[in-house]
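Working notes for the structure below.
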Amino acid sequence: GVDPTDDLPRTMMTYNKITLRTAAPLILIVVSQILFLPSFQFGHIPGDSSKFNVVWLAEFAEQLFNGHIYPRWLPGLNAGYGGPDFYFYGPLPFFIGAPFTLIATEKMAVVLLRWTLCLISGFAMYAFAMTQMSRDRALFAGIVYMAAPYHLILAIMTRNVIGEQAALALLPLELYYDAR
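Count along the sequence shown from 1, then add 61; that gives the number in the working numbering.
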């Protein structure tokens, strides 16, 4: 007869693949939340570009929600004289962050934007690494990329450069589409 335990290793392997497939996004989310715990706890961590990020996001979101599809001029800057900041500064991360201004304070909206960009970078590296290695190693690559010293400590926590953080999030996506 057929021994039902013959299929056990294959069943366990399938179970492990399904488990890691479904657990990987949750693991990336939890790790990114742990990395941003100080920001979530204190509501904001000041850095080199913090004062610009808060004002830019608030002004950009206000212009966007007032019907300006691509806000370039921010009238609330410079004591009401306005500023042309988005004629030269990339707007993509601010489009991502604008909805956060509807549900959080201005400073917390910036924290949520920075956390989202960190999470996108982890998912992007995970997707790229999946084209090059096993799922568990790809998950490790995504975690390491989110927590890399330059990415986390310098770009996110010290300098607070949202544009650079968005570029770091998109870099693995470029590699992913190149690898496919």
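Think of the CB as a built atom: it goes at the ideal place given N, C-alpha and C, for glycine as much as any other residue.
Item: Buried/exposed call for I106, threshold 16 Cβ in 10 Å; Value: buried
Item: P233, DSSP secondary structure in three states; Value: helix
Item: N221 vs G108 beta-carbon contact at 8 Å; Value: yes
Item: 3-residue-minimum beta strand (DSSP E) runs that sit fully inside the stretch 93-130, ordered along the chain; Value: none
Item: Y131 versus P99 - alpha carbon distance; Value: 32 Å
Item: N- and C-terminal bounds of the alpha helix (DSSP H) containing S195; Value: Taken as a continuous stretch (DSSP letters only), S195 belongs to no alpha helix (DSSP H), as it is neither H nor E.
Item: Strand pairing of G203, partner residues [DSSP]; Value: Paired residue(s): none; G203 is not in a bridge.
Item: Own chain partners of L81 with C-beta closer than 8 Å, once the 5 adjacent residues on each side are dropped; Value: R196, D197, L200
Item: Three-state class that DSSP yields for G158 in the structure shown; Value: helix
Item: Supposed contact pair M207 and L96 - C-beta distance, whole angstroms, cut 8 Å; Value: 6 Å
Item: Among P160, A140, M186, Y237, the one whose alpha carbon lies nearest that of F121; Value: P160
Item: Status (buried if at least 16 other CB within 10 Å, exposed otherwise) for G151; Value: exposed
Item: Neighbour-count burial assignment, R175, 16 or more Cβ in a 10 Å radius; Value: buried
Item: Proximity test, V116 beta-carbon vs the ligand MN heavy atom, cut-off 7 Å; Value: Inclusion of the ligand MN in the displayed structure is not the case, the ligand content being empty and no account of it being possible.
Item: Cut-off 7 Å between Cβ atoms - residues of its own chain near A228, not counting five sequence neighbours on either side; Value: none
Item: Three-way DSSP call (helix, strand, coil) for L138 in this model; Value: coil
Item: Alpha carbon of L118 to alpha carbon of T162, nearest angstrom; Value: 8 Å
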